[in-house]
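For reference, the structure discussed in these notes is given below.
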Amino acid sequence: MAVREDYARLRRCESCKRYTLKSICPDCGERAIEPHPPKYSPEDKYASYRRKYKEEHVK
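Using my numbering, the letters of the sequence shown map in sequence onto residues 1360 to 1418.
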């Protein structure tokens, strides 16, 4: 079975918190994002940026 590039993933609306498979929420019309964290990689290119942001913005 070949993997399709346009496969649907579960998404969550940013405003009403409803889950959907579409990129736009069918209830409120706002953007729906993927609630899953990015995959872990030991060669993370952005780890230093995340740590710097966390030090500056998280108390």
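Using N, Cα and C, we set each Cβ at its ideal position, and we do this for glycine too. Just so we're clear, the structure is a prediction, and the values are computed from it rather than from any experiment.
Pair within 8 Å by beta-carbon distance, residue i and residue j
| i | j | result |
| --- | --- | --- |
| THR1379 | ARG1368 | no |
| ILE1389 | GLU1373 | Here residue 1389 turns out to be Glu, not Ile, going by the sequence shown. Result yes, Cβ atoms of GLU1389 and GLU1373 sit closer than 8 Å. |
| LYS1381 | ALA1391 | yes |
Per DSSP, cross-strand counterpart(s) of residue i
| i | result |
| --- | --- |
| TYR1378 | ARG1371 |
| ALA1391 | CYS1372 |
Nearest neighbour of residue i, chosen from the options [CA to CA]
| i | options | result |
| --- | --- | --- |
| GLU1393 | GLU1415, ILE1383 and TYR1399 | ILE1383 |
Enclosing alpha helix (DSSP H) for residue i [first to last residue]
| i | result |
| --- | --- |
| GLU1402 | Note, GLU1402: premise wrong, no alpha helix (DSSP H); not H, not E. |
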